[in-house]
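Here the sequence shown is numbered in numbering that gives the first Met the number 0, starting from 0 and rising by one per residue.
Think of the CB as a built atom: it goes at the ideal place given N, C-alpha and C, for glycine as much as any other residue.
Notes for the one structure printed next.
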Amino acid sequence: MRDIDHRELIKNFGLEMGMDLQLDDDGFCQLVIDDSRLINVRSHQDDGLIILSAPVAEELPDPVSYPLVLELLDYALGPCFLKGGNCPVVGRDSESDAVVMYMVVTASVLSEKKFIDIFTEFLSEIESFDEMISENFAGNSDFSSKSLDSNLNFPGVFSKHPIFSKILLHF
Numbered sequence: 000m001r002d003i004d005h006r007e008l009i010k011n012f013g014l015e016m017g018m019d020l021q022l023d024d025d026g027f028c029q030l031v032i033d034d035s036r037l038i039n040v041r042s043h044q045d046d047g048l049i050i051l052s053a054p055v056a057e058e059l060p061d062p063v064s065y066p067l068v069l070e071l072l073d074y075a076l077g078p079c080f081l082k083g084g085n086c087p088v089v090g091r092d093s094e095s096d097a098v099v100m101y102m103v104v105t106a107s108v109l110s111e112k113k114f115i116d117i118f119t120e121f122l123s124e125i126e127s128f129d130e131m132i133s134e135n136f137a138g139n140s141d142f143s144s145k146s147l148d149s150n151l152n153f154p155g156v157f158s159k160h161p162i163f164s165k166i167l168l169h170f
């Protein structure tokens, strides 16, 4: 397995998407999709890892339903069954109470798959999670995975890749 330059990988990913994308000095960048979906990209070059993360709900509903607990636990076990990880996991950020989906992408997967495919799979999992939330909480006006208050207003439109209708860049 060859070492992959994460800065070059993200730059090429951006070019493939039709935009100028780069990691900052800390190995971090953010993408905003459809004016509301924030995706964080964090490089850990020394460890060969890239971590994708995205808030999927501002908080858990109170009370938390049993079906939701089961879904969250199912997501938590994903890395145990899928080739040592490289799959989306859901957790809770204790500082903000936000529910966050994340994926630790290892060097072996980065060498086997195109990053755009990994990123697209991650977005698809977020969409599936949104559907699951909607199914479990139909009629609960106090909870919505789409209710994240991002207050993001960045200029720019992206529509080259079919999965995205609009994508905005921010470091």
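Self-check item: Simplified DSSP state of residue 131, which is helix, strand or coil
Solution: Taking the first residue of the sequence shown as position 1, residue 131 is located at position 132. Helix at residue 131.
Self-check item: Nearest-angstrom Cα separation, counted from residue 68 out to residue 98
Solution: Reading the sequence shown from its first residue, position 99 is the one you call residue 98. Reading the sequence shown from its first residue, position 69 is the one you call residue 68. If I take the Cα positions, the gap works out to 12 Å.
Quiz item: At what residue ranges does the stretch 1-53 contain a whole run of the alpha helix (DSSP H), taking only runs of 4 or more?
Solution: 5-16
Exercise. Pick helix, strand or coil for residue 97, following the three-state DSSP scheme.
Key: Taking the first residue of the sequence shown as 1, we reach residue 97 at position 98. In this structure, residue 97 counts as coil in the three-state DSSP scheme.
Practice problem: Could you give the DSSP three-state label for residue 103: helix, strand or coil? | Solution: Along the sequence shown, one-based indexing puts residue 103 at 104. Strand at residue 103.
Practice problem: Give the DSSP bridge partners of residue 90, in chain order. | Solution: Translated into the one-based positions of the sequence shown, residue 90 becomes position 91. BP columns for residue 90 point to 99.
Self-check item: Neighbourhood of residue 58 by C-beta, 6 Å cutoff - its chain only, sequence neighbours within 5 removed
Solution: Working through the sequence shown from its first residue, we reach residue 58 at position 59. Closer than 6 Å at the Cβ level, and outside the excluded window around residue 58, lie 96.
Quiz item: Under a Cβ-count criterion, where at least 16 other Cβ atoms within 10 Å of its own Cβ denotes burial, should residue 79 be classed as buried or exposed?
Solution: The residue given as residue 79 occupies position 80 in the sequence shown. With fewer than 16 other Cβ atoms within 10 Å, it is exposed.
Quiz item: Can you round the beta-carbon distance between residue 125 and residue 55 to whole angstroms, since I take them to be within the 8 Å contact cut?
Solution: Counted from its first residue, the sequence shown places residue 125 at position 126. Counted from its first residue, the sequence shown places residue 55 at position 56. A Cβ-Cβ distance of about 6 Å is found for the pair residue 125 and residue 55, placing them in contact under the 8 Å criterion.
Practice problem: List the whole-angstrom C-beta distance separating residue 220 from residue 7, where the pair is believed to meet the contact cut-off of C-beta under 8 Å. | Solution: As displayed, the chain neither begins before 0 nor continues past 170, which places residue 220 out of reach and without an answer.
Exercise. Determine, using beta carbons only, whether residue 72 and residue 89 come nearer to each other than 7 Å.
Key: As a working mapping, residue 72 is identified with position 73 in the sequence shown. As a working mapping, residue 89 is identified with position 90 in the sequence shown. No, the Cβ-Cβ distance between residue 72 and residue 89 is not below 7 Å.
Practice problem: Leaving out five residues on either side along the sequence, give the residues of the same chain with a beta carbon under 6 Å from the beta carbon of residue 22. | Solution: Working through the sequence shown from its first residue, we reach residue 22 at position 23. Here the set comprises 6, 9, 28, 42.
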